[in-house]
Amino acid sequence: MITDTKTQEFDVNTAEINKYDFRNEEKYVYKARKGLDEQIVHQISDMKSEPEWMRKYRLDSLRVFNEKVMPKWGGAIDLNFQDIYYYIKPSDRQGRSWEDVPEDIKRTFDRLGIPEAEKKFLAGVKAQYESEVVYGSLREDLAKKGVIFTDTDSAVREHPDLVRQYFSTVIPNTDNKFAALNSAVWSGGSFIYVPPGVSIDFPLQAYFRINAENMGQFERTLIIVDEGAQIHYVEGCTAPMYSTESLHSAVVEIIVKKHARCRYTTIQNWANNIYNLVTKRAVAYEDATMEWVDGNLGSRLTMKYPAVYMMEPGARGEILSIAFASAGQHQDAGAKVVHAAPNTTSQIISKSISKNGGRSSYRGLVKVEDGARKSKSNVVCDALILDPQSRSDTYPYIEIAEQDVTIGHEASVSRIGEEQLFYLMSRGLSEAEASTMIVNGFIEPLVKELPMEYAVEMNRLIELQMEGSVG
Amino acid sequence: MISRTGDMTDTLKISNLHVNVGDKPILKGVDLEIIRGETHALMGPNGSGKSTLGLAIMGHPGYEVTDGKVEINGENILEMDADERARLGLFMAFQRPIAIPGVKMADFLRHASTNIRRPDRKEGEDLIPMREFRKELREKMGQLKMDTEFARRYVNDGFSGGEMKRAEILQMAMLKPKFAVLDETDSGLDVDAVKLASQSIAEIGREKMGILIITHHDKLLEHNTPDKTHVILGGRIVETGGPELAQELHQHGYDRIRAAHPEAAAEDDKMKVETAAAG
Numbered sequence: 001m002i003t004d005t006k007t008q009e010f011d012v013n014t015a016e017i018n019k020y021d022f023r024n025e026e027k028y029v030y031k032a033r034k035g036l037d038e039q040i041v042h043q044i045s046d047m048k049s050e051p052e053w054m055r056k057y058r059l060d061s062l063r064v065f066n067e068k069v070m071p072k073w074g075g076a077i078d079l080n081f082q083d084i085y086y087y088i089k090p091s092d093r094q095g096r097s098w099e100d101v102p103e104d105i106k107r108t109f110d111r112l113g114i115p116e117a118e119k120k121f122l123a124g125v126k127a128q129y130e131s132e133v134v135y136g137s138l139r140e141d142l143a144k145k146g147v148i149f150t151d152t153d154s155a156v157r158e159h160p161d162l163v164r165q166y167f168s169t170v171i172p173n174t175d176n177k178f179a180a181l182n183s184a185v186w187s188g189g190s191f192i193y194v195p196p197g198v199s200i201d202f203p204l205q206a207y208f209r210i211n212a213e214n215m216g217q218f219e220r221t222l223i224i225v226d227e228g229a230q231i232h233y234v235e236g237c238t239a240p241m242y243s244t245e246s247l248h249s250a251v252v253e254i255i256v257k258k259h260a261r262c263r264y265t266t267i268q269n270w271a272n273n274i275y276n277l278v279t280k281r282a283v284a285y286e287d288a289t290m291e292w293v294d295g296n297l298g299s300r301l302t303m304k305y306p307a308v309y310m311m312e313p314g315a316r317g318e319i320l321s322i323a324f325a326s327a328g329q330h331q332d333a334g335a336k337v338v339h340a341a342p343n344t345t346s347q348i349i350s351k352s353i354s355k356n357g358g359r360s361s362y363r364g365l366v367k368v369e370d371g372a373r374k375s376k377s378n379v380v381c382d383a384l385i386l387d388p389q390s391r392s393d394t395y396p397y398i399e400i401a402e403q404d405v406t407i408g409h410e411a412s413v414s415r416i417g418e419e420q421l422f423y424l425m426s427r428g429l430s431e432a433e434a435s436t437m438i439v440n441g442f443i444e445p446l447v448k449e450l451p452m453e454y455a456v457e458m459n460r461l462i463e464l465q466m467e468g469s470v471g
Numbered sequence: 472m473i474s475r476t477g478d479m480t481d482t483l484k485i486s487n488l489h490v491n492v493g494d495k496p497i498l499k500g501v502d503l504e505i506i507r508g509e510t511h512a513l514m515g516p517n518g519s520g521k522s523t524l525g526l527a528i529m530g531h532p533g534y535e536v537t538d539g540k541v542e543i544n545g546e547n548i549l550e551m552d553a554d555e556r557a558r559l560g561l562f563m564a565f566q567r568p569i570a571i572p573g574v575k576m577a578d579f580l581r582h583a584s585t586n587i588r589r590p591d592r593k594e595g596e597d598l599i600p601m602r603e604f605r606k607e608l609r610e611k612m613g614q615l616k617m618d619t620e621f622a623r624r625y626v627n628d629g630f631s632g633g634e635m636k637r638a639e640i641l642q643m644a645m646l647k648p649k650f651a652v653l654d655e656t657d658s659g660l661d662v663d664a665v666k667l668a669s670q671s672i673a674e675i676g677r678e679k680m681g682i683l684i685i686t687h688h689d690k691l692l693e694h695n696t697p698d699k700t701h702v703i704l705g706g707r708i709v710e711t712g713g714p715e716l717a718q719e720l721h722q723h724g725y726d727r728i729r730a731a732h733p734e735a736a737a738e739d740d741k742m743k744v745e746t747a748a749a750g
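Chains as they are written, first to last, in our numbering: chain V, 1 to 471; chain B, 472 to 750.
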């Protein structure tokens, strides 16, 4: 019996590796040397033929990065910044249609199911392969309405005024060490501008993927939702497995203007050796709504706390996050809301699952500034621990400088109950099926917020994570 | 080999069953045999071991069998996990059903029904076709006067006492077991609800189930006249009779039984003192 179980587990693992560990032979047009210094930053700027202001911004950011100390909280970071590639351009052309995309890149996308997404979403599919967006399409009527959906590099060239007006206004390069790093070497990412009153009623999607060993991916996303406009942006990730450390450090800035609405959905499934250190922040103005839906699976360490700054009365921020930490993984995720105006409302719902010795932490900040009267905030964080080796911690920070507010905080930690398992098993479900069902139920409040095919993928990912966890 | 096809002589046989909860002996030698198609009532004072018997038969890991056998058609099922027992045709309607937040009744039931009907199904294989399943579920819910909305609710999550019990009966109707233990399915129900439950159980039972009804009352037995009534006291079955025994216990309580079985009564008192001390 024991041998049987082992064989099965081996098969499962092989299948998992085959699914996610398909690297293509590297075929790069340009690959900068390893390491980080002014020369590398100049090279990146040269390659992109950038305007002078961006070159200066990068160099300034590099200085800030060198001055900043590493964060003293969160997870352990064991990185040699001189042993990482900071820029790789996979192909010197950017495909306009699927046929134009080079074959080997296509193969990678095929395995990620991108053509299907393309079929389903004839809207805008943007796929980032290494550091540049190589494929993009945008439904014509969107373009007619004045919607801009492009990679951020192109946006710097084609929409310099818009970019310059908003770039780095939400997250300055002095914000934290990794935001400074991204500001120095950023490449790719999405730029979206939705003009006043324009509402996009289907999700815009982008796929990201890291492929070169030891390569950092530093995409930079900037989304501006103008007055009364609406958008749902969706981004998903799978990354292949590698033996040495990889770094992913993105910066996402979002501006949601008066009466506008933005939802940003991310599902990230990183390989186990990746440091995922991301700064995501939105500012919401009068009666605007910003929603982050954030799912984190995999990676060695994730540190990510999507933030909403509510700047004007009636603004609303909502953050829904889920983290799944398995063996050798630390998910330090959470949320940050700042009430800077009266009658602002926020809600944080955080769910974490720890398994096989994985560690998940909720780290959240609710800040209400003086004068933000009648503000309301509600925080719910639930942790599910699947075995005694795993760990969950909660670090809620609350700073209130105003008396007239309503703040709620609930936290729960539970283990998969013997009673729940027995109940389901008494109806004919195996222990593995029962555990998976309980975990899927636990994250259901988040999954039901996802577009259909993402919900299916999310449940499938959970099933893969759960395989071999029993017995 | 166990017949999975539904032989009318299917038998659930419990012999000399001893069960501990923690270090504490609760059942001290229970014998009981139910032939498929029969209805048995199991009665006894609180804390006499009724639920323990049900949970031990179903395979709850917290109930340790220290001696004895539970057999279906001669095969001992005690080494099997709860899911294997369920696939063999065993079912228990819980006194206190467990909530599974986020899992919809319909999804849960579709999965469970598939596994029960195709006991050799491997994980990941197809479920019963959605259309077929929905039709059947809607039909059964109609019979139980349940709103179709119910199928979209999370399993036992925020259910009222009555809704939980009805959901248990619905599961039984969908899973069509050979043997079912109903653990106080009437508790927490008002008069009308008990009547409906009683009728429904009888209707489902017509598909030839062996039923063990654990109850304090006679209402559930109104439509389910027991072929046999067993009285459990101090962890042992001390008397077995017909439907008239259930009547008697309901009307007059356990004084006569206790007087007739002083040793078992003393055991029963001792178990209660221990429970109170432990609680």
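C-beta: ideal position from N, C-alpha, C; glycine also.
- For Leu-247 of chain V and Ile-84 of chain V, believed in contact at Cβ under 8 Å, the rounded distance: Locating residue 84 of chain V in the first sequence gives position 84, where the first residue counts as 1. Locating residue 247 of chain V in the first sequence gives position 247, where the first residue counts as 1. With a Cβ gap of about 6 Å, Ile-84 of chain V and Leu-247 of chain V count as contacting.
_Arg-427 of chain V at chain B interface by Cβ criterion, 8 Å_ = Against the first sequence, residue 427 of chain V aligns to sequence position 427. With 8 Å as the cut-off, Arg-427 of chain V counts as an interface residue toward chain B.
### Environment of Ser-187 of chain V [buried if 16+ CB atoms lie within 10 Å]
Working through the first sequence from its first residue, we reach residue 187 of chain V at position 187. Taking all protein chains shown into account, Ser-187 of chain V has 16 or more neighbouring C-beta atoms within 10 Å of its C-beta and is therefore buried.
Does the structure place the stretch 485-493 of chain B close enough to the stretch 515-529 of chain B that three or more beta carbon pairs sit under 8 Å?
yes
query = Anyone know if the C-beta pair for Val-198 of chain V and Lys-144 of chain V falls short of 8 Å?
reply = Taking the first residue of the first sequence as position 1, residue 198 of chain V is located at position 198. Taking the first residue of the first sequence as position 1, residue 144 of chain V is located at position 144. No, Cβ-Cβ distance for Val-198 of chain V and Lys-144 of chain V is not below 8 Å.
Checklist line | Coil, strand or helix - Met-701 of chain B by DSSP | finding: As a position in the second sequence, residue 701 of chain B is number 230, starting the count at 1. One point to set straight first is that residue 701 of chain B is His, not Met, in the sequence displayed. DSSP places His-701 of chain B in strand when its eight states are reduced to three.
Fill in: Proximity to Ala-668 of chain B [Cα-Cα], best of B:Arg-677, B:Asp-552, B:Lys-690 and B:Gly-518
Position 197 of the second sequence, counting from 1, holds the residue named residue 668 of chain B. Checked all of B:Arg-677, B:Asp-552, B:Lys-690 and B:Gly-518; the closest Cα to Ala-668 of chain B is B:Lys-690.
Exercise for the section: Report the partner residues of Pro-396 of chain V according to the DSSP bridge assignment. Expected result: Within the first sequence, residue 396 of chain V is the residue found at index 396, counting from 1. In the DSSP assignment, the residues bridged to Pro-396 of chain V are V:Gly-364.
For this session: Give every residue of the same chain whose Cβ lies closer than 6 Å to the Cβ of Ala-644 of chain B, excluding the five residues on either side of it in the sequence, and list them in chain order.
Result: To locate residue 644 of chain B, count along the second sequence from 1; it is residue 173. Closer than 6 Å at Cβ, skipping near neighbours: Lys-611 and Ile-675.
request  = Report all residues from its chain with a CB closer than 8 Å to the CB of Asp-552 of chain B; omit the five preceding and five following residues, and keep chain order.
outcome  = On the second sequence, position 81 is the one that residue 552 of chain B refers to. Excluding sequence neighbours, Asp-552 of chain B sits near Gly-530.
Practice prompt. Look at the alpha carbon of Met-458 of chain V and the alpha carbon of Val-447 of chain V, and state the distance between them as a whole number of angstroms.
Written response: Working through the first sequence from its first residue, we reach residue 458 of chain V at position 458. Working through the first sequence from its first residue, we reach residue 447 of chain V at position 447. Distance between the alpha carbons of Met-458 of chain V and Val-447 of chain V: 7 Å.
Secondary structure of Ile-44 of chain V, DSSP reduced to three states: Position 44 of the first sequence holds residue 44 of chain V. DSSP places Ile-44 of chain V in helix when its eight states are reduced to three.
*Could you tell me whether the Cβ atoms of Ala-260 of chain V and Glu-227 of chain V are closer together than 8 Å?*
On the first sequence, position 260 is the one that residue 260 of chain V refers to. On the first sequence, position 227 is the one that residue 227 of chain V refers to. Yes; because the gap between Cβ atoms is below 8 Å, this pair is in contact.
- Task: Count the other CB atoms, across all protein chains shown, that sit within 10 Å of the CB of Thr-289 of chain V; report buried if there are 16 or more and exposed otherwise.
- Result: If you number the first sequence from 1, residue 289 of chain V lands on position 289. When all chains shown are included, Thr-289 of chain V counts as buried.
**Request:** Would you grab the beta carbon distance between Ile-322 of chain V and Ala-282 of chain V for me? Rounded to a whole angstrom, and I think it's under 8 Å.
**Result:** Here residue 322 of chain V is taken as the residue at index 322 of the first sequence, counted from 1. Here residue 282 of chain V is taken as the residue at index 282 of the first sequence, counted from 1. Their Cβ separation, rounded to whole angstroms, is 19 Å, which puts Ile-322 of chain V and Ala-282 of chain V out of contact at 8 Å.
Just verifying my parser: in three-state terms, what is the DSSP assignment at Trp-186 of chain V? As a first step, residue 186 of chain V is located in the first sequence; it is residue number 186 there, counting from the start. Trp-186 of chain V: coil per DSSP, three-state reduction.
For this session: Put Asn-487 of chain B into one of helix, strand or coil per three-state DSSP.
Result: Taking the second sequence and counting its residues from 1, the one referred to as residue 487 of chain B is at position 16. Asn-487 of chain B: strand per DSSP, three-state reduction.
Environment of Met-601 of chain B [buried if 16+ CB atoms lie within 10 Å]: Mapped onto the second sequence, residue 601 of chain B falls at position 130. Around the C-beta of Met-601 of chain B, fewer than 16 other C-beta atoms lie within 10 Å, and the residue is accordingly described as exposed.
**Prompt:** Any idea what DSSP makes of Ala-644 of chain B, helix, strand or coil?
**Reply:** As a first step, residue 644 of chain B is located in the second sequence; it is residue number 173 there, counting from the start. Reduced to three states, the DSSP call for Ala-644 of chain B is helix.
- Message: Let's see if you can read the secondary structure: which residues bound the beta strand (DSSP E) around Ala-481 of chain V?
- Response: The requested residue 481 of chain V is not part of the displayed model; chain V covers only 1 to 471.
Quick one: which chain V residues come within Cβ less than 7 Å of Asn-695 of chain B? Translated into positions along the second sequence, residue 695 of chain B becomes position 224. Residues of chain V with a Cβ closer than 7 Å to the Cβ of Asn-695 of chain B do not exist, since the nearest Cβ in that chain sits about 22 Å away.
Interfacial residues, the stretch 502-532 of chain B to chain V, with Cβ spacing under 8 Å = Met-529, Gly-530, His-531 and Pro-532
inquiry  = Below 8 Å, how does it come out for the stretch 536-548 of chain B and the stretch 728-741 of chain B: are there three or more Cβ pairs, yes or no?
reply    = no
task: With 8 Å as the limit, tell me which residues of the stretch 437-461 of chain V have their beta carbon closer than that to any beta carbon of chain B; keep them in chain order.
output: Per Cβ criterion, the list reads Met-437, Ile-438, Asn-440, Gly-441, Phe-442, Ile-443, Glu-444 and Pro-445.
Does DSSP classify Lys-280 of chain V as helix, strand or coil?
Position 280 of the first sequence, counted from the start, is the residue given in the question as residue 280 of chain V. Reduced to three states, the DSSP call for Lys-280 of chain V is strand.
* Asked: Can you check whether the CB of Ser-61 of chain V is closer than 8 Å to the CB of Ser-183 of chain V?
  -> The residue given as residue 183 of chain V occupies position 183 in the first sequence. The residue given as residue 61 of chain V occupies position 61 in the first sequence. Against a cut-off of 8 Å, the Cβ pair of Ser-61 of chain V and Ser-183 of chain V comes out as a contact.
Rank V:Ile-223, V:Asp-141 and V:Asp-201 by C-alpha distance to the C-alpha of Gln-165 of chain V and give the top, closest one.
Here the question's residue 165 of chain V lines up with position 165 in the first sequence. Gln-165 of chain V has its Cα closest to that of V:Ile-223, out of V:Ile-223, V:Asp-141 and V:Asp-201.
- Checking contacts by CB at 8 Å: is Met-563 of chain B closer than that to chain V? Here the question's residue 563 of chain B lines up with position 92 in the second sequence. It does; some Cβ of chain V falls within 8 Å.
field: Cut-off 6 Å between Cβ atoms - residues of its own chain near Ala-455 of chain V, not counting five sequence neighbours on either side
entry: Taking the first residue of the first sequence as position 1, residue 455 of chain V is located at position 455. So the list reads Val-447, once near-sequence residues are dropped.
Under 7 Å, CB to CB, which of the residues in the stretch 409-423 of chain V have a partner in chain B? Glu-418, Glu-419, Gln-420, Phe-422 and Tyr-423
query = Beta-carbon of His-582 of chain B versus every beta-carbon of chain V: anything under 8 Å?
reply = As a first step, residue 582 of chain B must be located in the second sequence, where it is residue number 111. For His-582 of chain B, the answer is yes, since a Cβ of chain V falls inside 8 Å of its Cβ.
Near Met-437 of chain V, which residues of its chain fall below 7 Å by C-beta distance, leaving aside the five closest residues on each side in sequence?
Working through the first sequence from its first residue, we reach residue 437 of chain V at position 437. Hits under 7 Å: Leu-424 and Leu-429.
Check: Residues of chain B with CB under 7 Å from Ser-430 of chain V, in chain order?
Finding: Taking the first residue of the first sequence as 1, we reach residue 430 of chain V at position 430. Correct list: Asp-554 and Glu-594.
task: Leaving out five residues on either side along the sequence, give the residues of the same chain with a beta carbon under 7 Å from the beta carbon of Leu-461 of chain V.
output: If you number the first sequence from 1, residue 461 of chain V lands on position 461. Contacts found: Asn-269 and Leu-297.
*Roughly how many whole angstroms lie between the Cα atoms of Ala-527 of chain B and Tyr-534 of chain B?*
The sequence position of residue 527 of chain B within the second sequence is 56, counting from 1. The sequence position of residue 534 of chain B within the second sequence is 63, counting from 1. Their Cα atoms are separated by approximately 6 Å.
Straight-line CA distance for Ser-392 of chain V to Arg-427 of chain V?
Within the first sequence, numbered from 1, the residue matching residue 392 of chain V stands at position 392. Within the first sequence, numbered from 1, the residue matching residue 427 of chain V stands at position 427. Rounded to the nearest angstrom, the two C-alpha atoms are 30 Å apart.
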